[in-house]
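*Asks:* Residue 0 is where the sequence shown starts when you use numbering that gives the first Met the number 0, and the numbers rise one by one after that. Just so it is clear, CB atoms sit at the ideal spot from N, CA and C, and this is done for glycine as well. On a predicted model such as this, the values are computed, not experimentally measured, just so you know.
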Amino acid sequence: MHFDDNADCALLFGQHHLNLARIEQQLPVSIVTRGNEVFIQGETDGEVRAAAAVLQDLYAQLKKGRPIGRDEVDASLRMLAGGGAGGNGTGSGDDTAVRTERRLVTPRSLNQAAYLHALERRDLVFALGPAGTGKTYLAVAMAVAMLKQRRIDRLILSRPAVEAGERLGFLPGDLKDKVDPYMRPLYDALQDMLPEGKLAQRMESGQIEIAPLAYMRGRTLSNAYVILDEAQNTTPSQMKMFLTRMGENSRMVITGDPSQTDLPPGMPSGLSDAVGKLRALEAVGVVQFDKRDVVRHPLVSAIINAYELAARPAAQQMEEATRLPSGEADASSDGQRQQ
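#1: Would Pro-67 pass as a contact of Ala-50 if the rule is Cβ separation under 7 Å?
#2: Between the region 249-266 and the region 125-143, are three or more C-beta pairs nearer than 8 Å?
#3: Which residues share a DSSP beta bridge with Ile-67?
#4: Measure the alpha-carbon distance for Tyr-306 versus Arg-183 and round it to whole angstroms.
#5: How far does the alpha helix (DSSP H) with Thr-99 in it extend, from its first residue to its last?
#6: Near Arg-201, which residues of its chain fall below 6 Å by C-beta distance, leaving aside the five closest residues on each side in sequence?
#7: For Ser-75, is the classification buried or exposed, using 16 other Cβ atoms within 10 angstroms of its Cβ as the cut-off for buried?
#8: Would you call the region 94-104 in contact with the region 261-281, where contact means no fewer than 3 C-beta pairs closer than 8 Å?
#9: Should Thr-95 and Ala-80 be called a contact, given that it needs their Cβ atoms to be closer than 7 Å?
#10: Select from Ala-130, Gln-55, Ala-117 and Glu-119 the residue whose C-alpha is nearest the C-alpha of Thr-260.
#11: Report the three-state DSSP secondary structure of Ser-91 (helix, strand or coil).
#12: Excluding five sequence neighbours on each side, which residues of the same chain lie with their C-beta closer than 8 Å to the C-beta of Leu-212?
#13: Count the other CB atoms, across all protein chains shown, that sit within 10 Å of the CB of Ala-314; report buried if there are 16 or more and exposed otherwise.
#14: Run through DSSP, which three-state label would Val-225 get?
#15: Could you compute how far the alpha carbon of Arg-291 sits from the alpha carbon of Glu-46?
#16: With a floor of 3 residues, list each beta strand (DSSP E) that falls wholly inside the region 184-252, ordered by position along the chain.
#17: Quick one: residues in its chain with C-beta nearer than 6 Å to the C-beta of Lys-197, no 5 flanking neighbours on either side, listed in chain order?
#18: According to DSSP, is Thr-260 helix, strand or coil?
#19: Would you kindly report the start and end of the unbroken beta strand (DSSP E) that includes Glu-36?
#20: Going by CA-CA distance only, name the one from Val-97, Gly-275, Val-28 and Gln-231 that's closest to Pro-263.
#21: What separation, rounded to the nearest whole angstrom, lies between the Cα atoms of Phe-125 and Leu-115?
#22: Contact defined as beta carbons within less than 8 Å: I believe Ile-151 pairs with Tyr-224. What is the distance between those atoms, to the nearest angstrom?
#23: Could you give the DSSP three-state label for Gly-164: helix, strand or coil?
#24: May I ask which residues mark the beginning and end of the beta strand (DSSP E) holding Gly-128?
#25: Are Ala-287 and Leu-127 close, meaning C-beta to C-beta below 7 Å?
#26: To the nearest whole angstrom, what separates the beta carbons of Thr-132 and Val-285, a pair I think is in contact under 8 Å?
#27: Taking the continuous alpha helix (DSSP H) assigned at Arg-21, which residues delimit it?
#28: If you follow the beta strand (DSSP E) that Thr-32 is part of, which residue opens it and which one closes it?
#29: Helix, strand or coil: which one does DSSP assign to Ser-271?
#30: Roughly how many whole angstroms lie between the Cα atoms of Gly-164 and Glu-229?
#31: Should Gln-148 go down as buried or exposed, given a rule of 16 or more other Cβ atoms within 10 Å for buried?
#32: Quick one, which of Thr-219, Ala-282, Lys-276 and Met-145 has its alpha-carbon nearest Glu-247's?
Written as structure tokens, this is what we have:
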């Protein structure tokens with residue numbers, strides 16, 4: 000491969016060629032550079048073409064002024080593995096990129112691209128999947144972008160105030176002080192999207208509101224973008240109450256992981272209940288994420304995989320642990336026949 004800009008090549012390869020090393024870790028190829036030329040060697044033509052597609056995609060991102068690091072390399076590899084045309088430079092990511100006041104937010108997996116597409120076109124969207132897949136972050140990014148474009152008048156973020164297996168007891172302060180610990184992830188996402196000082200200004204003006212789910216009853220939310228986070232911790236009655244708050248020219252996004260409910264044992268989750276009842280409606284979008292969409296530390300995906308494995312029936316685990324490859328199984332049976 001030949002690239003026309005030596006300065007961009009240095010950024011593409013990364014310091015000490017770390018970006019190229021990351022590609023070599025994920026794909027069975029060897030990459031050698033000479034100036035602005037790249038030579039890729041692999042066992043199959045498909046592997047070589049895959050590595051070339053990732054480099055072309057990352058180079059296209061550089062040409063658009065975007066920095067390239069490990070996250071961008073992983074995103075491009077993830078999009079390619081999912082069957083996409085690459086990450087966000089030459090693939091479909093540009094069509095679904097969201098520009099907030101602080102950053103350009105682009106999808107880092109095909110499911111994230113589908114999610115942003117649904118957020119743009121559907122009035123009600125359910126996002127299901129494990130932690131670290133960008134469910135809340137992307138929803139907040141889309142909401143801030145729509146607020147900036149004046150497509151909505153206000154942004155409302157809510158969570159059920161349920162402790163994760165703990166009993167915190169009495170919390171001092173006023174209502175805001177009491178619910179802030181539960182709402183911290185939403186604050187973190189907003190602070191990543193808005194310039195310093197703008198968040199407090201918009202919250203004071205009422206453009207952005209963060210409230211516990213219990214305070215939604217009786218309200219009609221018109222011209223608003225409403226996000227319910229950690230919705231697996233709602234009961235069916237709470238979920239029905241929340242969904243029926245939708246007013247004219249409003250959008251709702253409900254996010255959660257059905258496998259991590261903190262409700263009392265035996266209590267059904269309102270998230271799973273609502274998805275089962277509403278997913279057939281045309282105006283409703285349902286996006287299912289999995290461990291391949293995790294964009295946090297690489298270890299998070301491995302942790303999710305380990306917990307999924309541990310949740311399988313013991314008999315199934317034993318069968319998988321004792322199962323031999325076909326060649327070894329044949330050799331074992333031959334030995335038994337000879338004995």
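*Replies:* Taking the structure as given:
#1: The question names Pro, yet the displayed sequence has Ile at residue 67. Their beta carbons are not under 7 Å apart, which means Ile-67 does not touch Ala-50 by this criterion.
#2: yes
#3: Its beta-bridge partners do not exist; DSSP assigns none.
#4: 26 Å
#5: Run containing Thr-99: none; DSSP gives neither H nor E here.
#6: Cβ neighbours of Arg-201 within its own chain (closer than 6 Å, five residues either side excluded): Ile-207.
#7: buried
#8: no
#9: Contact flag unset, no.
#10: Ala-130
#11: Below a pLDDT of 50, predicted positions are generally treated as unreliable, and Ser-91, at 42, falls in that range; the measurement from the model is reported next regardless. Ser-91 falls in the coil class under three-state DSSP.
#12: Ser-157, Arg-158, Pro-159, Ala-160, Leu-227, Thr-233, Gln-237 and Phe-241, listed in sequence order.
#13: Here Ala-314 scores only 49 on pLDDT, less than 50, and its place in the model should not be relied on; the value that follows carries that caveat. In summary, Ala-314 is exposed, with fewer than 16 beta-carbon neighbours lying within 10 Å of its beta-carbon over all protein chains present.
#14: The answer is strand: DSSP assigns Val-225 an E or B state.
#15: 20 Å
#16: 207-211 and 223-227, all fully within the region 184-252.
#17: none
#18: Of the three classes helix, strand and coil, the one that applies to Thr-260 here is coil, per DSSP.
#19: 36-41
#20: Gln-231
#21: 12 Å
#22: 5 Å
#23: Residue confidence for Gly-164 is low, a pLDDT of 44 falling below 50, so the modelled location carries little weight; the figure read from the coordinates is stated next. In the structure shown, Gly-164 sits in coil (DSSP, three-state: anything other than H, G, I, E or B).
#24: First-last for Gly-128: undefined, no H or E at that position.
#25: The sequence as given places Gln at residue 287; Ala does not occur at that position. Against a cut-off of 7 Å, the Cβ pair of Leu-127 and Gln-287 comes out as a contact.
#26: Wrong, their Cβ atoms sit about 14 Å apart, outside the cutoff.
#27: 17-25
#28: 28-33
#29: helix
#30: In this predicted model, Gly-164 has a pLDDT of only 44, less than 50, meaning its place in the structure is not dependable; the value taken from the coordinates is given anyway. Going by the C-alpha atoms only, they are around 14 Å apart.
#31: exposed
#32: By alpha-carbon distance to Glu-247, the top candidate from Thr-219, Ala-282, Lys-276 and Met-145 is Thr-219.
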